[in-house]
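Numbering-wise (the UniProt record's numbering), the sequence shown opens with residue 1 and increments by one. The structure appears below as structure tokens.
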Amino acid sequence: MGADHIAFDGLAPWTKTMTDGNVSTIGTPITLTWSIVPDNTTTDVDQGNLSYSSQLISTLDDVYKVSYVDKLKPISERSWFSLFSNAFDRWGQVSGLSFEYLNYDDGARHGGWESGGQFKTNDGKLGVRADMRIAGARIDGPYNTLAYNYYPEYGGDMLIDLDDTDWEDDAYFENVIIHEMGHGFGLPHLLSESSNMLMEPYLDTSIHGPQFDDILMMQRLYGDRYEKGLGNETMANATDLGTLTGDTTYKYGSDARKSEIEFGDIDFLSIDDDSDVDVFKFTLDEMTKITFKLSAVGMTYDRSAQPKFDGDVVAEYEFDAKKLSDLALEIIDEEGDRVALLDRYGLGGIERLYNKRLAEGDYFLRVMGANDNAQFYELSLQTVFIPEPSTLVAMGGLMLLARRRRGA
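What follows is the structure, encoded as structure tokens:
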């Protein structure tokens, strides 16, 4: 997509969804609808385009021992449904993706197929079927293909291999689903000998859910979670950090510093390219000294990406995720006037402003990146309350009184 760094080459987001219509630029948040196809829906396996019919619902009902009475209820009320909804929710927590489950599906052919030399797929259509559709069939026996997912440009549908027998292990099942969803959102396989990431070709049960590289690439495609809705690129739509009190250190974006991301971690901030801007608002009720710090955040590891289709694999290279974009921080008052611009250091640098005195009022922070890459960052605000002059006089009197007592 024209990125400055090879790591982001070849990433392709959804360019059209049922909810958003046409989506023109990378880093744009979108809403995807999803559904589980009815049993007996025809689905295509990519190895030779063999046709099968989905038996996902009945198989999971058997695995999770769904009672006859519960089988009469909507799919969203089955005990196993949360494995899928949790997986979608997790990706939504760490990116600009939003999801809506649709309880209907017309049973049209699932997946993709070639016809007359052209690739065909049944795209999402309001009132008919979802953007991403999930099916299950017996593909190639146990312990080979676990599942696969078409990329966005090929419809984004997922097919799960029902020959595998570990679906009763919730964490295992969730990892498989979340991994395959990654492909459906536009992520290729990651190749790395020095890290443990979700999007590597082989299932790693030592981790749970998206890891550092997975989240970075997803935020390149769709932005961070603050981009949803109206986003936070203007003062009018700034992310509100609330009222800051004295003698406190506030940090935002710190989860990107972790070597292993836990399932509930959501504190990630990023600039997805050189056109992205993040704006934050904070309020002071009194005169305060603030030390501002903007840090590029990232780990160093070896990486490459498996080609989506036939092609040569690029040899693994050292990837320093801390040096992807030259960040800058602008401080603005409530009148829109610049208070300070922090833009002294280059890639991987830390922009700082020590003990800036600010009167009470509203202020805005604008974070920018100079390079066409995604960059995690951490924003730190350390506050110190400045006493009123009358308070200082009173304190001075108390100190003087104490000295007189000791001298008596």
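Idealized CB from N, CA, C, for every residue including glycine. In this text the structure is predicted, and so the values were computed from the model without any measurement.
Per DSSP, reduced to three states, the secondary structure at E334 is coil, with no helix or strand assignment. In this model, H179 and Y148 are separated by some 9 Å (Cα to Cα). The beta-bridge partner set that DSSP reports for R129 consists of K125. Here H110 is bridged, per DSSP, to T43. The beta-carbon separation of D39 and S24, rounded to 38 Å, does not stay under the 8 Å limit for a contact.
In the structure shown, the three-state DSSP call for F173 is helix. DSSP places K71 in the helix class (H, G or I) of the three-state scheme. With a contact defined as Cβ atoms closer than 8 Å, K356 and F292 qualify at about 7 Å.
In terms of CA proximity to Y222, D273 leads the group E174, S259, D273 and L327. Comparing alpha-carbon positions, the option among L191, S82, Q93 and V37 lying closest to R129 turns out to be V37. W80 is bridged by DSSP to nothing; it lacks a bridge partner.
Considering only G136, I177, A12 and I6, the residue with the shortest C-alpha distance to F84 is I177. From the listed residues F88, D163, D123 and L324, the smallest Cα separation to P142 is found for D163. In the structure shown, T234 adopts coil according to DSSP, grouped into three states. In the three-state DSSP reduction, M199 falls in the coil class, being neither helix nor strand.
Nearest to G349 by alpha-carbon distance, out of S295, G96 and T239, is S295. Bounds of the beta strand (DSSP E) holding R352 are I350 to L358.
V313 and T239 have their C-alpha atoms roughly 41 Å apart. For W91, DSSP assigns no beta-bridge partner whatsoever.
Counting C-beta pairs closer than 8 Å gives fewer than three between the segment 333 to 341 and the segment 216 to 234, which falls short of the contact rule. In this structure, DSSP gives R366 an extended state, which the three-state scheme calls strand.
Per DSSP, M218 lies in no beta strand (DSSP E); the unbroken alpha helix (DSSP H) holding it starts and ends at F212 to Y222. Within the same chain, L60 and Y64 come within 6 Å of W80 by CB-CB distance, once the 5 residues on both sides are set aside. T248 and T288 have their alpha carbons spaced roughly 11 Å apart. Here the C-alpha atom of D70 lies approximately 12 Å from the C-alpha atom of I57.
M287 carries a coil assignment under DSSP once its states are collapsed to helix, strand and coil. Straight across, the Cα-Cα distance linking D326 with G155 is about 35 Å.
Between R133 and D157, the beta carbon gap of about 5 Å places them in contact (Cβ cut-off 8 Å). Boundaries of the beta strand (DSSP E) harbouring S380: Q375 to F385, taken from the DSSP string. Comparing alpha-carbon positions, the option among L102, D123 and N103 lying closest to R109 turns out to be D123. In this structure, the CA atom of Y363 is about 56 Å from the CA atom of N144. DSSP, read as helix, strand or coil, puts S51 in strand. Going by C-alpha positions, G231 is about 14 Å away from V367. When Y250, E233 and T234 are compared, the shortest CA-CA separation from L241 is found for Y250. Contact between I261 and G209 is confirmed by a C-beta separation of about 7 Å, below the 8 Å threshold.
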